[in-house]
Amino acid sequence: MPGSSWMTVLIIVCYFGLATTRALEVDRVGSAVNILKNFGDLDLEFRVTPRNDTEPWMFNSDPIYVLKDIVVKRTSFQGSIGQFRMEMCRGKDELLDSFFRHVSIEGVQQPWRAFSRGWSIAKEPRTLGVASALSYEVGYILLKLDLKRDEVLITNDDIELNCQAKEKFDKIIVNDTESVTEFQKTFGTHYIHSYSTGNSLFQVLAYRMSNFDYLERKLSSVGASNMTFAHLGKFFSPLYAKEIGQVMMTSGNFDATVWANGLLARKHGKDDTKYSSLFSLMWRPWLLDQFDTLESDAITSLELKWLDRAFSEQSDRREWFREFTQNRVQLNEENV
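Mature numbering (1 follows the signal peptide of the UniProt record, and there is no 0) puts the sequence shown at residues -23 to -1, 1 to 313.
Shown next as structure tokens:
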């Protein structure tokens, strides 16, 4: 994002554990998504943030498929494979931008706005596992480990609407906003092009700007790859952080969060103050065995593409749909 100062340190984590038996989710690629319906709160539609629901879910609505003759590739991993990311974020907007970096929505420059801009002041820190309200005057470090179990994507370049969607599309009247809106109520603005499922573990740490600036300079000059895990781990302790958030699980509920923080607890100082450290998985990788026994019902990546890609021929109707939809999406992104 323009003016952003975030820094990313990426550590590849390949972990192969015992495959768990579970029912496969029906493939959602090629299904419709109307991002205008809940723009600012799209986490109500997709399981990309922790929730305290009693039943597991990844997609919060029945699929409406809009494409025909698509070629779908599904890859399932034995256990999990993932990446550990550390991102330095100056203020809350950069933090939210980093948190939703695994989401791509064609036509939306900052997808994090589509998922979180409608959150209340109380929901922001609660979702990210910190006690204090998110601030523009605080530096944050996001630690995130995405454990991918399944990956699904459309592989053919040429796509077309199915019969039901095409029939409704043919009823759109150029320069008539209501006819486009009626189409979008059923068949959406976008379609799901690809997604992956699994689980995400993450932790947010807050820093006074003086400490944040020091850590940023240190990591830039020395480089994380030249530091030991023990040295890096001090940056994520009470020695530097003014607040250490809880370790959160995207597919977990409140009970799972309590369990994870107990498992990853560490001690600091002469009084042995306890705090949780997601980074401790780097030198205690065997603890990943514990997490692989949990439900993995979260979305770890998501790619939405414009539905007008499926309009087979150039026409005034297609151009009107594109113009009207893009303008509405842009207005939502600017004003939500």
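Virtual Cβ for every residue (Gly too), placed ideally from N, Cα, C.
- Secondary structure of residue 63 (DSSP, three-state): strand.
- Residue 180 has 120 as its beta-bridge partners, per DSSP.
- Distance between residue 16 and residue 90, taken at the CA atoms: about 8 Å.
- For residue 130, the three-state secondary structure derived from DSSP is strand.
- When rounded, the separation of the alpha-carbon atoms in residue 131 and residue 223 is 36 Å.
- In the DSSP assignment, no residue is bridged to residue 146.
- Assignment of residue 42 by DSSP, reduced to helix, strand and coil, places it in the strand class.
- Closest by C-alpha distance to residue 229, out of 6, 9, 159 and 33, is 33.
- Cβ contact annotation for residue 170 (same chain, cutoff 7 Å, sequence separation greater than five): 6, 130, 131, 280, 281 and 282, in chain order.
- Contact between residue 193 and residue 63 is absent: CB atoms are separated by about 12 Å, not below the 8 Å threshold.
- Residue pairing of residue 283 in beta bridges, as defined by DSSP: 167.
- Following the DSSP letters along the chain, one finds residue 81 inside the beta strand (DSSP E) bounded by residues 80 to 82.
- Counting only runs of 4 or more residues that sit fully inside the segment 181 to 240, the alpha helix (DSSP H) segments are 186 to 199, 206 to 212 and 231 to 240, in chain order.
- Under the three-state reduction of DSSP, residue 9 is assigned to strand.
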